[in-house]
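Q:
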Amino acid sequence: EPEVTQTPSHQVTQMGQEVILRCVPISNHLYFYWYRQILGQKVEFLVSFYNNEISEKSEIFDDQFSVERPDGSNFTLKIRSTKLEDSAMYFCASREGSYGYTFGSGTRLTVV
Amino acid sequence: GENVEQHPSTLSVQEGDSAVIKCTYSDSASNYFPWYKQELGKGPQLIIDIRSNVGEKKDQRIAVTLNKTAKHFSLHITETQPEDSAVYFCASTYGNNRLAFGKGNQVVVIP
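Protein sequence lines, in the order shown, are assigned to chains A and B. Just so it is clear: in the first sequence, position 99 is 101 by the numbering used here, and no numbers are missing. Just so it is clear: in the second sequence, position 39 is 520 by the numbering used here, and no numbers are missing.
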């Protein structure tokens, strides 16, 4: 069964550093997403991406964040100047049509 | 934005019994309601979903019911097995097919 692949599974970074979280969506999917889950809280929408541009973003997704699809297969989330409160599980997801998200296994980001 | 509430937060059941998890949502325009199962170290995995034009959907031991008037939907797991132990998330769509999640429910099936 096709999968969404995320790397790394765990990333530890120092406060103020930049991190790039990587995702390989399912190949024939057209819509791509990043969600995050802070420990003990709900999974929250960050950003959606379609046709090589951001289609929607939440209030969480400020100038510290950016997304890119650099080569037609990878989909990355960059977090500049990380803060302690950025520590969370970050999930990438993709979908083909109107419904049916497929999520990756997540990247656990720990900012120290 | 959409607000999805899920309860109970934890649920323990004896193997073979049924488990029911309920969710409520706020956006009357929501039209898609998936349920996800998350096992340790893995991402959310879709187990069943329902669209607003039906009231119930069943897939083997799993069923989902939807009451659009009351804005709530429920997950039913019958004949629970130890491998059903996991965190279950409900969600609904809002805006441009964004998902709003409930907080999750830890289901523990006691052998």
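Think of the CB as a built atom: it goes at the ideal place given N, C-alpha and C, for glycine as much as any other residue.
#1: If we define contact as Cβ-Cβ less than 7 angstroms, is Arg542 (chain B) a contact residue for chain A?
#2: Between Thr112 (chain A) and Lys518 (chain B), what straight-line distance do the alpha-carbon atoms span, to the nearest angstrom?
#3: Let me know the secondary structure DSSP gives Leu86 (chain A) once reduced to three states.
#4: When you compare the segment 482-497 of chain B with the segment 556-574 of chain B, are there three or more beta-carbon pairs, one atom per stretch, that lie closer than 8 angstroms?
#5: Between Phe554 (chain B) and chain A, is the shortest Cβ-Cβ distance under 7 angstroms, so that the two count as touching?
#6: When burial is assigned at 16 or more other CB atoms within 10 Å of the CB, is Asn586 (chain B) buried or exposed?
#7: Determine, for Lys503 (chain B), whether the minimum Cβ-Cβ distance to residues of chain A falls below 7 angstroms.
#8: Any idea what DSSP makes of Glu61 (chain A), helix, strand or coil?
#9: Could you check what DSSP says for Glu3 (chain A) in three-state terms: helix, strand or coil?
#10: For Ile28 (chain A), which residues from the same chain have a beta carbon less than 8 angstroms from its beta carbon, with the 5 sequence-adjacent residues on both sides left out?
#11: Are Gly108 (chain A) and Gly524 (chain B) touching if we call contact CB-CB under 7 angstroms?
#12: Taking only beta carbons into account, state which residues of the segment 490-522 of chain B come closer than 8 angstroms to chain A, listed in chain order.
#13: Taking C-beta to C-beta, are Val501 (chain B) and Ser555 (chain B) nearer than 7 angstroms?
A: Let me lay it out:
#1: no
#2: 24 angstroms
#3: helix
#4: yes
#5: no
#6: buried
#7: no
#8: coil
#9: coil
#10: Pro4, Glu5, Val6, Ser96, Glu98 and Thr104
#11: yes
#12: Tyr513, Pro515, Tyr517 and Gly522
#13: yes
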